[in-house]
Amino acid sequence: MKKIIVIIIIFSLFCFLRFYNLEKRVIFDWDQENYSFQVKRILVENRLTLIGPRVKDEVGFFLAPYFCYLLTPFYFFTNLHPSALIIFLIFYNSLSFFLSFYFLQRLFGFWQAIFFLAFWSINYFLISFDTTPWNPIVIPLATIVVWYLGKLSFEEKNKKWWFYLFSGFLIGFFNNFHFQFILLLIFFLFFEAILLINEKRPSNKKFILILLGYFLSFLPIIIFDFRHNFLNLKGFQQLFFSSNSQSKDINVWWEVFGNFLQPIVQVNNVLIAKLFYLIFIFIILYLIKKIKKRFFKLFYQSTLFLWLIFPLFFIFYGQRPSEYYFIFLYPFIYLIFINFFFRVNNYFLLGIFVIIFLLTKEKIFLKLKDEAQSLFYKIKTVKIIKEIAGNNKFNISFSTPLGRNHGFSYLIDYFQIKQSGNFKDPLIEIRIPPREKDIRINEQIGIKIPEELNITDE
8 MKKIIVIIII FSLFCFLRFY NLEKRVIFDW DQENYSFQVK RILVENRLTL
58 IGPRVKDEVG FFLAPYFCYL LTPFYFFTNL HPSALIIFLI FYNSLSFFLS
108 FYFLQRLFGF WQAIFFLAFW SINYFLISFD TTPWNPIVIP LATIVVWYLG
158 KLSFEEKNKK WWFYLFSGFL IGFFNNFHFQ FILLLIFFLF FEAILLINEK
208 RPSNKKFILI LLGYFLSFLP IIIFDFRHNF LNLKGFQQLF FSSNSQSKDI
258 NVWWEVFGNF LQPIVQVNNV LIAKLFYLIF IFIILYLIKK IKKRFFKLFY
308 QSTLFLWLIF PLFFIFYGQR PSEYYFIFLY PFIYLIFINF FFRVNNYFLL
358 GIFVIIFLLT KEKIFLKLKD EAQSLFYKIK TVKIIKEIAG NNKFNISFST
408 PLGRNHGFSY LIDYFQIKQS GNFKDPLIEI RIPPREKDIR INEQIGIKIP
458 EELNITDE
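According to the numbering used here, the sequence shown is numbered sequentially starting from 8.
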């Protein structure tokens with residue numbers, strides 16, 4: 008009964024920080040609009056897309072459209088209304104919480120799983136991440152799933168060929184949500200390599216099966232490339248190997264890594280980030296030395312390998328990444344520190360949790376406030392335009408900073424607002440920020456109604 012109460016408390020905290028006022032916090036920008044149009048083509052036009060998000064703007068390559076496929080049932084049940092994204096977030100985050108608890112409890116124990124989810128709940132960076140409907144949202148849970156695949160591989164006495172094929176496919180499937188997940192493939196392969204060394208009859212077949220399954224997950228992209236003169240392969244080559252690519256800075260990632268660590272260390276400082284990186288190495292080495300159980304030792308050795316090689320990935324990339332490019336590291340960081348304190352004194356963890364919550368509570372509750380350009384306010388904007396314009400002939404334009412117009416086009420299409428296409432007809436403007444005499448949606452969005460329509464904002 009005690010454990011059930013603890014789970015309920017942590018889950019309630021997790022849900023409150025993610026679902027409170029969610030309707031007015033969810034963004035609807037370029038990514039979300041793009042998903043919405045892709046799903047519409049699937050459901051309305053019966054056109055199954057073969058490509059998903061682009062890895063790096065216009066010079067990059069595409070990943071497979073698996074996230075779009077995941078969203079399709081939610082858009083089906085909302086009849087293409089973008090509130091499907093809100094339902095998806097509630098469903099996915101709730102499922103992610105309990106799946107993470109299940110896997111972590113089986114891997115490391117009940118209290119390690121509880122502390123992991125407790126720290127996860129109050130990380131203000133992750134609160135924003137978990138309330139953004141976009142493809143990288145699956146990476147943290149996917150990381151834990153890879154850990155569990157390692158556990159199954161370690162325990163399975165008569166390993167079947169399909170397990171390794173499926174493991175490789177599943178890792179590739181997650182890799183198609185964001186390219187950073189390729190580092191988890193390296194983690195898993197290193198784990199399997201250590202297992203192979205200790206086998207009485209080692210066989211390299213499992214590596215072939217893992218890699219085969221991994222590349223099978225890219226089948227939609229492969230089909231797309233054959234149809235489009237290997238567009239993705241050329242984009243991959245241009246991004247990473249072209250002499251015409253941007254000049255590289257091998258140290259630029261440290262500043263972003265410091266930003267990423269701020270919810271944990273409370274300061275944003277490159278020197279602190281480098282110190283944290285080194286301390287983490289020594290903590291892993293300590294655990295490797297103290298832990299006797301073979302699976303945990305293999306897990307920590309593989310974690311150490313990942314920790315040592317991930318900087319090489321960003322050095323090779325050579326451009327400033329976004330903070331979420333490091334999101335795959337959060338599960339490792341939390342788990343290692345939790346297990347370290349369980350070895351030393353687990354009562355420290357409760358104190359650390361309380362201290363972090365008190366130090367970051369203002370930033371945490373800031374995440375619960377309205378997002379001025381959220382889906383809610385963009386829907387409100389479009390509904391007002393439809394109501395005011397009525398059956399008049401008109402067109403709609405945008406006066407916004409670059410990229411701030413995204414989201415409105417899908418909503419205009421969804422609410423069936425018909426524009427005349429005649430440049431002589433009155434022009435309704437959506438303006439960010441609003442100006443004098445605009446109909447104000449909020450402090451960031453306004454609507455300019457032309458005098459020709461003879462409508463006031465009374």
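Here a beta-carbon is modelled for each residue, glycine too, at the ideal position from N, C-alpha and C.
Under the 10 Å beta carbon count, TRP127 is surrounded by 16 or more other beta carbons and is classified as buried. In this structure the segment 42-62 does not touch the segment 167-174; the number of beta carbon pairs closer than 8 Å is below three. In the three-state DSSP reduction, SER128 falls in the helix class (H, G or I).
Under DSSP, GLY453 forms a beta bridge with ARG438 and ARG447. Taking a C-beta distance under 8 Å as the contact criterion, PHE364 and LEU190 do not qualify as a contact pair. The alpha-carbon of VAL263 is positioned some 9 Å away from that of ASN275. Counting the other Cβ atoms within 10 Å of the Cβ of ASN429 gives fewer than 16, which makes it exposed. With 16 or more other CB atoms across the displayed protein chains lying within 10 angstroms of its CB, GLY59 is buried. Non-local C-beta neighbours of LYS47 in its own chain, meaning closer than 7 Å and more than five positions away in sequence, comprise LEU87, ordered along the chain.
Taking a cut-off of 8 Å on C-beta distances, the segment 215-230 does not touch the segment 329-346, as fewer than three cross pairs fall below it.
At the C-beta level, ILE454 and THR388 come within 8 Å of one another.
If you draw a straight line from the Cα of GLN112 to the Cα of LEU77, it comes to about 27 Å. Within the segment 329-393, the complete alpha helix (DSSP H) runs of at least 4 residues fall at 336-351 and 354-373. By the criterion of at least three beta-carbon pairs nearer than 8 Å, the segment 301-317 is in contact with the segment 151-160. Between ILE371 and the set SER135, PHE35, PHE186 and LYS241, the nearest pair of CA atoms involves SER135.
Distance between ILE322 and PHE68, taken at the CA atoms: about 20 Å.
For ILE146 and ASN399, the gap between their C-alpha atoms comes out near 47 Å.
In this structure, the beta-carbon distance from ARG32 to GLU378 falls below 8 Å.
Inclusion of PHE405 and LEU460 in the CB contact set at 8 Å is not warranted, their separation being larger than that value. Straight through space, the alpha carbons of SER107 and ILE228 are spaced by roughly 30 Å. PHE197 is not a Cβ neighbour of SER19, given a cutoff of 8 Å. Within the same chain, and ignoring the five residues on either side of ASN412 in sequence, the residues whose Cβ sits closer than 6 Å to its Cβ are PHE405. Taking the C-beta atoms as reference points, LEU29 is found no nearer than 8 Å to ILE129. No Cβ-Cβ contact shorter than 8 Å links LEU219 with GLY265. The beta carbons of LYS255 and GLY325 sit about 3 Å from each other, so the pair counts as a contact at 8 Å. DSSP places PHE35 outside both helix and strand once states are collapsed to three, so it counts as coil. DSSP, reduced to helix, strand and coil, places ILE403 within a strand of the structure shown. For the 8 Å CB-CB criterion, PHE110 and LEU342 do not form a contact.
For ASP232, the uninterrupted alpha helix (DSSP H) run begins and ends at 226-234, by DSSP.
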